[in-house]
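Student: Chains as they are written, first to last, in my numbering: chain Z, 1 to 353; chain R, 354 to 725.
For every residue, glycine included, the Cβ atom is placed at its ideal position computed from N, Cα and C.
What you are looking at is a predicted structure, and each value in this text was computed from that prediction instead of being measured.
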Ligand SMILES: Cc1ncc(C[n+]2csc(CCOP(=O)(O)OP(=O)(O)O)c2C)c(N)n1
């Protein structure tokens, strides 16, 4: 591109590879992108408003100034175009990282993702790789207008050929993003936008990095296994402490990878606890929770003390902001589900039928 | 150039110089430069002025209320009143409008009550009005999607022999979406009675038009679809009104679609949460603020003796009253039933959804009423 600006030298200090810092989740993604771009010049970013503005959430802030307009590209407004461009770039060895501005705007790119990105490797008998990362701020809880609070991850998890992951904390955001970019299979990278501003310690040289497809046991427990991912991991942590005050020991698993799902990790936990609760903001029917519950029931039928419970968004469109607190899974609903699998009195106790 | 029937063979590239009927200074453009388009009559111009004054005050008030946290977000149309009001006043009541999130003042001018318009930005309900009643579709947020719906509705009108036309707004950035191309193309092929009004405010959040298109201007795209295209000074309400009126008239008589690019500028941030200092020069903004569409028309009307102090004051008062009424409406907490969350998903009730509804109802009872 003739008009590309070169990187401006003074900002190209090497990204840290050791040491720690306290970062917001958003800034830890920035740090992960920066590191990946420094490590591999084939990593390029494209998306709407990601250059000069640094993205509407400022996740790409400063990257265009550092790496130039050929590596951080503001695109015309066209999600199908963004993903389609990434396909062509990937065919020539680039590792495109596409930003979709909000969850609700991924749909114009849906065709390119599920019909092209997901299938090209298969169609070409492995001759063509699609090392594409598609970053998507997702989920609700920020009081936004319609189309800005959705959780579309299950559509993609249902599509063979895609990896689907979601981070819940700054350290994972930093590490998982780099793993996603390094992956030769395409990765849908779901960022919990209502946790963008939550802070945590990031160890830039962390050696014990979990593989991308593995779940993490956040806290060990013996009574109930609680599976969460993305924005609800923080809510689930609150449930762990609240239940502990009540003498109930919850083992919390942060799924991290939605496709593939680390069933071994959940299975090991449920064999210990005998009880399973799964939570996500996305609708319940035909969702990730259904997949986890069914697979774990198959694997652990004889260990289960109670039927698995799902705590999810309702099977409705995402509601207007004034009603979202009623829609989103919260602490009370998680604790109630924990009571249900424990056979303790709960909101459904008096139900007939 | 006139807006009489053009056959495919006569459709050429639009003039690069945007059509203008009233100059910045308030003087009328010489007839030979008006390209066969007449200045709207005195009553119309006065009404355009009045409605722009009301719309400006309304928009300013909504922005203020958003800063106070009464609304979660508001994309202002300040400075774009000529395109918005000029288009809406050119429409008949029976015509349909397909607006975007940017076009609240157009929806207001269509007669939709304030609280119904702002319901989406306040977060009470996604679309607060009955689109059938007001012949105004919900404001579209996913870019360019409304343009397809508008062509579909226009086609329905043609099939039913309904002598109406449809107008849709689309932003400059949104013309990059595939849906925009598909809408233009369907409209051309099906000879849909539609007018596309491209509000070229030169920015899509931070992205300038030069990064959306390599074409000379957006109106140029029309020729590729076999549709007449016009480039209009989007801060000259007289020109917008005249061109849109003529295009709607063509549409109603079966002469097909028109693409009109209104050249204007987004003087405000994209929304209240945007920070334009990161991507554009404030001197440009100041330049465009001076090209105010309302002041331009006022200069003309005054020079013709059509707008005296008294009339001006009465318009200002009317606008002030409307703004006060809106503030009062917005300060009242809306009564919301959380269970409505489940009400409109399907026409036919589903047992599983009923169970989810009952579960929420149970939670609400425990807490007295709605948790807050
Ligand atoms: C399909 C889709 N992608 C992205 C967005 C996010 N978005 C909202 S407004 C906007 C800019 C639109 O610019 P333009 O069409 O020029 O209209 P303006 O806002 O300037 O009136 C973007 C990118 C969206 N609403 N829909």
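To the nearest angstrom, how far is the alpha carbon of residue 355 (chain R) from that of residue 152 (chain Z)?
Tutor: One-based indexing of the second chain puts residue 355 (chain R) at position 2. One-based indexing of the first chain puts residue 152 (chain Z) at position 152. Here the model assigns residue 355 (chain R) a pLDDT of 47, short of 50, so the residue's position is not dependable, and the following value carries that caveat. When rounded, the distance between both Cα atoms is 49 angstroms.
Student: So residue 460 (chain R) is in the beta strand (DSSP E); what residue range does that whole segment cover?
Tutor: Here residue 460 (chain R) is taken as the residue at index 107 of the second chain, counted from 1. Per DSSP, residue 460 (chain R) lies in no beta strand (DSSP E) segment; the continuous alpha helix (DSSP H) that holds it begins and ends at 457 to 462.
Student: Using a beta-carbon distance below 9 angstroms, is residue 715 (chain R) in contact with chain Z?
Tutor: Here residue 715 (chain R) corresponds to residue number 362 of the second chain, with the count starting at 1. Judged by the 9 angstroms Cβ criterion, residue 715 (chain R) is in contact with chain Z.
Student: Just to make sure I have the definition right: I need the residues of chain Z whose C-beta is within less than 8 angstroms of the C-beta of residue 619 (chain R). Which are they?
Tutor: As a position in the second chain, residue 619 (chain R) is number 266, starting the count at 1. Near residue 619 (chain R) there are no residues of chain Z at all, since even the closest Cβ is about 14 angstroms away, more than 8 angstroms.
Student: Please say whether residue 150 (chain Z) and residue 166 (chain Z) have beta carbons closer to each other than 9 angstroms?
Tutor: As a working note, residue 166 (chain Z) is residue 166 in the first chain. As a working note, residue 150 (chain Z) is residue 150 in the first chain. No, these two residues do not count as a Cβ contact at 9 angstroms.
Student: Residue 81 (chain Z) CB to nearest chain R CB: under 9 angstroms?
Tutor: Counting from one through the first chain, the residue named residue 81 (chain Z) turns up at place 81. So yes, residue 81 (chain Z) belongs to the interface.
Student: Residues of the region 66 to 93 of chain Z with a CB closer than 7 angstroms to any CB of chain R: list them in chain order, please.
Tutor: Those residues of the region 66 to 93 of chain Z placed with their C-beta closer than 7 angstroms to a C-beta in chain R are 74, 76, 77, 78, 80, ordered along the chain.
Student: Should residue 724 (chain R) go down as buried or exposed, given a rule of 16 or more other Cβ atoms within 10 Å for buried?
Tutor: Sequence index remark: in the second chain, residue 724 (chain R) carries index 371 (1-based). Low per-residue confidence applies at residue 724 (chain R): pLDDT is 43, beneath 50, and the placement is therefore not dependable, though the value from the model is reported in the following sentence. The residue is exposed, with fewer than 16 neighbouring Cβ atoms inside 10 Å.
Student: Using C-beta distances below 7 angstroms, list every residue in its chain close to residue 16 (chain Z), excluding the 5 sequence neighbours before and after it, in chain order.
Tutor: Counting from 1 along the first chain, the entry for residue 16 (chain Z) is found at position 16. These residues qualify, in order along the chain: 204.
Student: Would you say residue 637 (chain R) and residue 558 (chain R) are within 9 angstroms of each other, going by their C-beta atoms?
Tutor: Here residue 637 (chain R) refers to the residue found at position 284 of the second chain. Here residue 558 (chain R) refers to the residue found at position 205 of the second chain. Going by C-beta atoms, residue 637 (chain R) is not nearer than 9 angstroms to residue 558 (chain R).
Student: Just how far apart, CA to CA, sit residue 53 (chain Z) and residue 72 (chain Z)?
Tutor: Your numbering for residue 53 (chain Z) matches position 53 in the first chain. Your numbering for residue 72 (chain Z) matches position 72 in the first chain. Approximately 11 angstroms, taken between the alpha carbons.
Student: Between residue 494 (chain R) and chain Z, is the shortest Cβ-Cβ distance under 9 angstroms, so that the two count as touching?
Tutor: For this step, residue 494 (chain R) is matched to residue 141 along the second chain. Yes, residue 494 (chain R) lies at the interface with chain Z (some Cβ there is under 9 angstroms from its Cβ).
Student: Is residue 314 (chain Z) helix, strand or coil by DSSP?
Tutor: As a working mapping, residue 314 (chain Z) is identified with position 314 in the first chain. Correct three-state label for residue 314 (chain Z): coil.
Student: Residues of chain R with a CB under 7 angstroms from the CB of residue 52 (chain Z): which are they?
Tutor: As a working note, residue 52 (chain Z) is residue 52 in the first chain. Ordered by position in chain R, the residues that pass the 7 angstroms Cβ test against residue 52 (chain Z) are 559, 631, 632.
Student: In angstroms with no decimal places, state the Cα-to-Cα distance between residue 35 (chain Z) and residue 109 (chain Z).
Tutor: Your numbering for residue 35 (chain Z) matches position 35 in the first chain. Your numbering for residue 109 (chain Z) matches position 109 in the first chain. The straight-line gap from Cα to Cα measures roughly 27 angstroms.
Student: For ligand 1, any of its heavy atoms closer than 8 angstroms to the Cβ of residue 587 (chain R)?
Tutor: By 1-based counting over the second chain, the position of residue 587 (chain R) is 234. For residue 587 (chain R), the shortest C-beta to heavy atom distance toward ligand 1 is 8 angstroms or greater.
Student: Answer with yes or no whether the minimum CB distance from residue 146 (chain Z) to chain R is below 9 angstroms.
Tutor: Position 146 of the first chain, counted from the first residue, corresponds to residue 146 (chain Z). By this cut-off, residue 146 (chain Z) is an interface position.
Student: If you measure between the beta carbons of residue 196 (chain Z) and residue 137 (chain Z), is that distance less than 9 angstroms?
Tutor: If you number the first chain from 1, residue 196 (chain Z) lands on position 196. If you number the first chain from 1, residue 137 (chain Z) lands on position 137. Yes, the Cβ-Cβ distance between residue 196 (chain Z) and residue 137 (chain Z) is below 9 angstroms.
Student: In whole angstroms, what is the alpha-carbon distance linking residue 356 (chain Z) and residue 477 (chain R)?
Tutor: Lying outside 1 to 353, the shown extent of chain Z, residue 356 (chain Z) is not represented and no answer is given.
Student: Does DSSP put residue 73 (chain Z) in a helix, in a strand, or in coil?
Tutor: Here residue 73 (chain Z) refers to the residue found at position 73 of the first chain. In this structure, residue 73 (chain Z) counts as strand in the three-state DSSP scheme.
Student: Report back the beta-carbon spacing between residue 539 (chain R) and residue 545 (chain R) to the nearest angstrom; my notes put them in contact at under 8 angstroms.
Tutor: Position 186 of the second chain, counted from the start, is the residue given in the question as residue 539 (chain R). Position 192 of the second chain, counted from the start, is the residue given in the question as residue 545 (chain R). With 8 angstroms as the limit, residue 539 (chain R) and residue 545 (chain R) qualify as a contact, their Cβ atoms being about 7 angstroms apart.
Student: Looking at the secondary structure, which residues open and close the alpha helix (DSSP H) in which residue 420 (chain R) lies?
Tutor: By one-based count along the second chain, residue 420 (chain R) stands at place 67. 395 to 420 is the span of the alpha helix (DSSP H), which, as asked, contains residue 420 (chain R).
Student: Under a CB-based cut-off of 9 angstroms, is residue 161 (chain Z) close to chain R?
Tutor: For this step, residue 161 (chain Z) is matched to residue 161 along the first chain. Answer no: the Cβ-Cβ gap between residue 161 (chain Z) and chain R never drops below 9 angstroms.
Student: Counting only Cβ pairs nearer than 9 angstroms, list the residues of chain R close to residue 108 (chain Z).
Tutor: Counting from one through the first chain, the residue named residue 108 (chain Z) turns up at place 108. Within chain R, the residues near residue 108 (chain Z) are 495, 496, 497, 498, 530, 531, 532.
Student: Measuring CB to CB, does residue 488 (chain R) end up less than 9 angstroms from residue 543 (chain R)?
Tutor: Sequence index remark: in the second chain, residue 488 (chain R) carries index 135 (1-based). Sequence index remark: in the second chain, residue 543 (chain R) carries index 190 (1-based). No, these two residues do not count as a Cβ contact at 9 angstroms.
Student: Between Z:310, Z:47, Z:67, Z:58, which has its C-alpha nearest residue 355 (chain Z)'s C-alpha?
Tutor: What is shown of chain Z runs 1 to 353, which leaves residue 355 (chain Z) out entirely.
Student: Note down, in chain order, each residue of its chain lying with its Cβ closer than 7 angstroms to the Cβ of residue 578 (chain R), except the 5 sequence neighbours on either side.
Tutor: By one-based count along the second chain, residue 578 (chain R) stands at place 225. Closer than 7 angstroms at the Cβ level, and outside the excluded window around residue 578 (chain R), lie 537, 538, 541.
Student: Alpha carbon to alpha carbon, how far is residue 21 (chain Z) from residue 272 (chain Z)?
Tutor: Start at 1 with the first residue of the first chain, and residue 21 (chain Z) comes out as number 21. Start at 1 with the first residue of the first chain, and residue 272 (chain Z) comes out as number 272. Taking the straight line joining both Cα atoms gives about 36 angstroms.
Student: Please report the straight-line C-alpha distance between residue 457 (chain R) and residue 588 (chain R), rounded to a whole angstrom.
Tutor: The sequence position of residue 457 (chain R) within the second chain is 104, counting from 1. The sequence position of residue 588 (chain R) within the second chain is 235, counting from 1. Rounded to whole angstroms, residue 457 (chain R) to residue 588 (chain R) spans 18 angstroms at the Cα level.
Student: So is residue 148 (chain Z) buried or exposed if we call it buried at 16+ other beta carbons inside 10 Å?
Tutor: For this step, residue 148 (chain Z) is matched to residue 148 along the first chain. For residue 148 (chain Z), the number of other beta carbons within 10 angstroms of its own is at least 16, and it is reported as buried.
Student: Identify the continuous alpha helix (DSSP H) that holds residue 237 (chain Z) and give its terminal residues.
Tutor: Along the first chain, one-based indexing puts residue 237 (chain Z) at 237. From DSSP, the alpha helix (DSSP H) with residue 237 (chain Z) extends over 232 to 245.
Student: Helix, strand or coil: how does DSSP classify residue 163 (chain Z) here?
Tutor: In the first chain, residue 163 (chain Z) corresponds to position 163, counting from 1. Strand at residue 163 (chain Z).
Student: Where do the N-terminal and C-terminal ends of the alpha helix (DSSP H) with residue 543 (chain R) fall, by residue?
Tutor: The sequence position of residue 543 (chain R) within the second chain is 190, counting from 1. Note, residue 543 (chain R): alpha helix (DSSP H), 531 to 543.
Student: Check the C-beta distance from residue 154 (chain Z) over to residue 288 (chain Z) and give it rounded, since I have them as a contact under 8 angstroms.
Tutor: As a first step, residue 154 (chain Z) must be located in the first chain, where it is residue number 154. As a first step, residue 288 (chain Z) must be located in the first chain, where it is residue number 288. Yes, residue 154 (chain Z) and residue 288 (chain Z) are in contact; Cβ-Cβ is about 6 angstroms, under 8 angstroms.
Student: Do you know offhand how far residue 130 (chain Z)'s Cα is from residue 156 (chain Z)'s?
Tutor: What you label residue 130 (chain Z) is simply residue 130 of the first chain in a count that begins at 1. What you label residue 156 (chain Z) is simply residue 156 of the first chain in a count that begins at 1. Cα to Cα, residue 130 (chain Z) sits roughly 15 angstroms from residue 156 (chain Z).
Student: How long is the line joining the alpha carbons of residue 699 (chain R) and residue 692 (chain R), rounded to whole angstroms?
Tutor: Locating residue 699 (chain R) in the second chain gives position 346, counting from the first residue. Locating residue 692 (chain R) in the second chain gives position 339, counting from the first residue. Distance between the alpha carbons of residue 699 (chain R) and residue 692 (chain R) is about 14 angstroms.
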